[in-house]
Amino acid sequence: MEILERNALIKSAIIFICFLVPICFCEAQVKYFVLDEEHSSYNIKSYTLDTKDLYALDSHVEILNIFPIYNTDARNDREIILFSALPDVSTMKLWEKIDLSEIDVDTISFKDLLAIKQLSLYELYSGTYNEHNKFFNKYKLVVKRNGEYYVAYNTLLQFYALRDKPDMFNSAWGTINKDQTPVTVKSVAEYYKSIKCDFPLLSYSDGYSTFDRLRDRKEFLSKKFKIGSLNAYQFWSLTDWHMPSHAYEVDRGIDRFIYIPEKGIVGGSFDFYFYHHRKSINLNMRKFKENIYSERVMIANGLTD
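Letter by letter, the sequence shown follows residues -9 to 295 in the numbering used here.
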């Protein structure tokens, strides 16, 4: 009897493992989005940012704003799908050549991308949401250049809702609201100091955080200014560092950024990525901290009307 029971348990364990392995594999499987510059369902605005000044790394980042086009004009210009191609820190390269036939079964459509956007921006009343709405190397960007296809070594995917509202209304995480009253990083840091509480933006050095991120995280407007004749708006993200040291702090995303209407996000910082590689790139941590307080960003060159 004991032998039969033991064999039954072993059989059940084997069945469970066989069921679990494909699930784990599928969850870890990388998907690809092939950018089509002639697609009728979206417009693209792309920019290149130099990493040298901000992170002392002789490379660059490419950011690609995708603006969905809907059948009704009222829905247009209300969302940004943002892809950021980040360099491989060992080679400084952003892209490697790829054969589309090798990724065909793992390629998602623009319709699939819109479905991810809906969940990430809390657009479905029947949706089930969690705190993670940014994706690093889960969905890789593929572009076509000079007749060849290239995939990004590192892809950050995130989404923004463009909603202008006065301060009396809440702006959920993932909202670009340029009608906010400007609030700087330094002023919020002073508030945390006054209540004797750790400042969430500096929790990278603590190894823990008590920040109530589901309720309190937010993109704050910091300042309004001009780039040439263009109206520019600088934002920063109030959220903490809470992941274990071996993991990327993906939820920080492009944590400081500059937005220009009709052009999209034209500059920013990617502290989560370069901090993770701080040892291999010899990141100056004193300057890193100063950059947070002074809200320094990389910005695209040659912006015109």
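Idealized CB from N, CA, C, for every residue including glycine.
To which residues of the same chain is residue i closer than 7 Å at the C-beta, ignoring the five residues directly before and after it?
i: N291; result: none
i: A142; result: A75, L84, W85, K130, L131
Grouping DSSP H, G and I as helix and E and B as strand, with all else coil, what is residue i?
i: A64; result: helix
i: S177; result: helix
i: C14; result: Summary for C14: the model assigns pLDDT 42, below 50, so the residue's position carries little reliability, and this model does not support an answer.
i: H50; result: strand
i: A151; result: strand
i: Y115; result: coil
i: F262; result: helix
i: A290; result: coil
i: L84; result: coil
i: A222; result: strand
i: L273; result: coil
i: E92; result: helix
i: S284; result: helix
i: K42; result: helix
Pull up the DSSP beta-bridge partners for residue i, would you.
i: E209; result: S227
i: F126; result: L146
i: P58; result: Y32
i: L131; result: F23
i: K216; result: N221
With a Cβ-Cβ cutoff of 9 Å, do residue i and residue j count as a contact?
i: I248; j: F262; result: no
i: L152; j: E209; result: no
i: G44; j: R242; result: For the sequence presented, residue 44 should be read as Leu rather than Gly. It is not a contact, given that the beta carbons lie outside the stated cut-off.
i: V79; j: L146; result: no
i: V256; j: I289; result: yes
i: L109; j: G117; result: yes
i: I244; j: Y223; result: no
i: Y22; j: I93; result: yes
I believe residue i touches residue j by the beta-carbon criterion, under 8 Å. Please report the beta-carbon distance rounded to the nearest angstrom.
i: W231; j: S193; result: 5 Å
i: E52; j: T38; result: 5 Å
i: Y32; j: F100; result: 7 Å
i: I34; j: N61; result: About 19 Å; that fails the 8 Å criterion.
i: N221; j: K214; result: 7 Å
i: V20; j: D96; result: 7 Å
Below 8 Å CB to CB, which residues in the same chain sit around residue i once its five sequence neighbours on both sides are set aside?
i: Y139; result: V24, K87, I88, D89, L90, V132, V133
i: H50; result: T38, L39, D40, T41, P77, L84
i: S161; result: R153, K155, N167, Q170, K208, E209
i: Y238; result: F126, F262, Y263, H266
i: S235; result: G197
i: Y119; result: L109, Y112
i: L273; result: Y45, A46, F264, Y265, H267
i: K176; result: Y283
i: E121; result: R203, L204, D241
Excluding the 5 residues flanking residue i on each side, which residues of the same chain have their C-beta closer than 6 Å to its C-beta?
i: R276; result: none
i: I271; result: L47, V79
i: E17; result: Confidence is the limiting factor: at E17 the pLDDT is only 48, short of 50, which leaves the residue's position unreliable, though a coordinate-based value still follows. Cβ within range, chain order: n/a, list empty.
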